[in-house]
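In the numbering used here, the protein residues as written are 1314 to 1765.
Here a beta-carbon is modelled for each residue, glycine too, at the ideal position from N, C-alpha and C.
If you're wondering where the values come from, they're calculated on a predicted model, not measured in any experiment.
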Amino acid sequence: MVLAQLGGSISRAIQQMSNATIIDEKVLNECLNEITRALLQSDVQFKLVRDMQTNIKKIVNLDDLAAGHNKRKIIQQAIFNELCKMLDPGKPSFTPKKGKPSVVMFVGLQGSGKTTTCTKYAYYHQKKGWKPALVCADTFRAGAFDQLKQNATKAKIPFYGSYMESDPVKIAAEGVERFKKENCDLIIVDTSGRHKQEAALFEEMRQVSEATKPDLVIFVMDSSIGQAAFDQAQAFKQSVAVGAVIVTKMDGHAKGGGALSAVAATKSPVIFIGTGEHMDEFEVFDVKPFVSRLLGMGDWSGFMDKIHEVVPMDQQPELLQKLSEGNFTLRIMYEQFQNILKMGPIGQVFSMLPGFSAELMPKGREKESQAKIKRYMTMMDSMTNEELDSSNPKLMNESRMMRIARGSGRHIREVMEMMEEYKRLAKIWGKMKGLKIPKKGEMSALSRNMNA
Ligand code: GDP
C-alpha cells in the first residue's frame, strides 16, 4: 500500500488515543506528537506539521467540550480534516473530456518517470473507453522513443516519433496533427527532460507548447525528493503553465508524504500518483479517499471504480444488486476472486478495502496472496450450491468444514481460515446493504456514505 508506514504510524497514534480511558491534554498531546514524528519522518515540511498541530488543538479545545461529547470522534475527525487540508492540491486547470480532442503535454526532469507515466495515463484512459495516442517529442534522451514505442505497442496505443528527426518541436507538431486527423481524443506529448532545471529545458518546453497548444500541461515529479518537491514544482510552474501534477514512485519511498504535501503547498493539483513500474500501477489522486486509505479506513470510491474495471460489465448490475441487498455469499466471493485473478492487479483492489491490504494482500507478496486465493477457490470448489449461496456463516458447521477439507485435500484449519476471511469480507461488504446502486460516475456519493 502507498505510504503504508506513515499511515500505520498515524492510525496507531489515533488508536492509542482512542484506547485511553480519559482523554485529557496529556493524551491528546501524546497522540499529536506521535503524528508529528511520523510526518517529519516522511519529510513533510516542519511548518506544515506545526500548523496542523496548532489547528487541531484549536478545533479540539478539551476544556470547551462538554462531558458527553464524543471527544475521540472529534479528535479523529480533526486529524482527518487537517491531513486532507495538508494534502489538498486543488483542482486541475483543465480536465479532458472523452470524445473531444485534447492535447496533453508532459514535462519533468529526466528520470522522474515521465515516459512511463505518459503510457500509464494513456492506458488508464484507454481502459475507460478513450482513444488516446502518444507522441514522443523527447529527442534529448537516447532510447526515449524506443521506450515509448515499446510501452505503447504493449498497450496497443498508437504512437508517433522519429529516429532521424532531432527537432522535438517538429515531431510534436506533426504527431499532434496526425492524431487529430485520426480523431484521437487524448493526444499525449512526451517532452524531453534534463538532469536539472536549466534554461535549455524550459526553452524547449515553451517551444513545444507553442507548437502544440496543449489544453493541459502535466508536470511529472519523483516523490523520492520529499519536501524538495516544493522548489521543483515552483520552478516548473513559473516557466510553463502547469495545470496538473503526477507524483511518481509513491510505492518505494518513505518521503512520499513529504513530496505530496510540498506539491500541495505550491497549489499545484496532483491528479494521479504512480505506485510501481507496471502500466497499471497508477491511481487517481483524490485527497479524501487517499487519507481514508492512509489511515486504514478504506477507499470505497476507488474500490467501486475498480469494480467497474475488473468486473465484466454484464455482471455489474447483478453484483451490485446482491450487495445492496446485503447478500454477500461465498459464491460472490468466489466470483470476485475469479475476476480479480483474471484481470488484476489484485493488490490495488484489495488495498482499497478497510483493513484488507495488510492482511490478505500485503504489498510485495502478491504471488503468495494469489496462491492463497487460489487455495480458497479450490476449497470452495468442494462446497455445495446451498453452502455457496448462503450468506449465513453459521451454516458452515464443523462436519461441513471437515467434508470440504477432505474434498479439496486441504486441512480443516485452512477451511476455517477461509471462513474467517469470508466473514471479514462479508462484514465490510455488508455496509453496502440498502445503498442506492451507483452508476458509473456516481461513486463519490457512495464513498461519502460508506466513509460516514
Ligand atoms: P523519464 O526519464 O522521466 O522519462 O523516466 P522513465 O519513464 O524512463 O522512468 C525512470 C524509471 O523510473 C524507470 O525505471 C521507471 O520504470 C521508473 N518508474 C516510473 N514510475 C514509477 C513508479 O511509480 N514507481 C516505481 N517504482 N518506478 C517508477
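Contacts around residue i, its chain only, beta-carbon distance under 6 Å, and the 5 residues preceding and following it disregarded
i, result
"residue 1357", "1570, 1571 and 1574"
"residue 1583", "1402, 1558, 1560, 1576 and 1598"
"residue 1446", "1471, 1492, 1497 and 1500"
"residue 1515", "1552"
"residue 1671", "Per-residue confidence for residue 1671 stands at a pLDDT of 49, beneath the threshold of 50, marking its modelled position as unreliable; the derived number appears in the next sentence. Nothing meets the Cβ criterion."
Cβ shell of residue i (< 8 Å), same chain only, five flanking positions each side left out
i, result
"residue 1578", "1358, 1361 and 1543"
"residue 1332", "none"
"residue 1385", "1330, 1331 and 1336"
"residue 1341", "1330, 1370, 1373, 1375 and 1388"
"residue 1735", "1643, 1646 and 1706"
"residue 1325", "1347"
"residue 1545", "1422, 1510, 1534 and 1538"
"residue 1522", "1418, 1530, 1553 and 1554"
"residue 1708", "1699 and 1700"
"residue 1732", "1706, 1709 and 1714"
"residue 1513", "1507"
Presumed contact (8 Å Cβ cut-off) between residue i and residue j, rounded CB distance
i, j, result
"residue 1533", "residue 1404", "Between residue 1404 and residue 1533 the Cβ distance is about 19 Å, and since that is not below 8 Å, they are no contact."
"residue 1641", "residue 1738", "7 Å"
"residue 1402", "residue 1581", "6 Å"
"residue 1482", "residue 1520", "5 Å"
"residue 1592", "residue 1433", "6 Å"
"residue 1310", "residue 1452", "Given a span of 1314 to 1765 for the chain in the structure shown, any question on residue 1310 remains unanswerable."
"residue 1389", "residue 1327", "6 Å"
"residue 1720", "residue 1703", "Contact flag wrong, Cβ pair sits at about 17 Å."
"residue 1437", "residue 1595", "6 Å"
"residue 1528", "residue 1407", "5 Å"
"residue 1700", "residue 1713", "7 Å"
"residue 1320", "residue 1607", "4 Å"
Beta-carbon proximity of residue i to residue j, cut-off 8 Å
i, j, result
"residue 1348", "residue 1419", "no"
"residue 1771", "residue 1541", "Here the chain comprises residues numbered 1314 to 1765, so residue 1771 is not present and cannot be evaluated."
"residue 1643", "residue 1690", "no"
"residue 1369", "residue 1392", "yes"
"residue 1455", "residue 1449", "no"
"residue 1600", "residue 1400", "yes"
"residue 1425", "residue 1506", "yes"
"residue 1387", "residue 1435", "no"
"residue 1500", "residue 1494", "no"
"residue 1431", "residue 1461", "yes"
"residue 1496", "residue 1550", "no"
"residue 1278", "residue 1727", "Coverage of the chain is limited to positions 1314 through 1765, which leaves residue 1278 absent and any answer about it impossible."
"residue 1429", "residue 1681", "no"
"residue 1345", "residue 1318", "no"
"residue 1465", "residue 1439", "no"
"residue 1442", "residue 1413", "no"
"residue 1743", "residue 1587", "no"
Proximity test, Cβ basis, 8 Å: residue i and chain D
i, result
"residue 1409", "Protein chains in the displayed structure number just one, and chain D is not present."
Identified DSSP bridge partners for residue i
i, result
"residue 1694", "Answer by DSSP bridge pairing: none, since residue 1694 is not bridged."
"residue 1534", "1560"
"residue 1418", "1502 and 1530"
"residue 1587", "1595"
Nonlocal neighbours in the same chain, by C-beta distance under 7 Å from residue i, ignoring five residues either side
i, result
"residue 1525", "1416, 1418, 1485, 1486, 1489 and 1502"
"residue 1491", "1473"
"residue 1537", "1562, 1566 and 1568"
"residue 1715", "1725"
"residue 1717", "1692, 1695, 1696 and 1728"
"residue 1604", "1393, 1396, 1397 and 1400"
Whole alpha helix (DSSP H) runs in the stretch 1325-1376 with 4 or more residues, listed along the chain?
1338-1354 and 1359-1372
Which runs of the beta strand (DSSP E) spanning at least 3 residues fall entirely within the stretch 1431-1483, listed in chain order?
1445-1450
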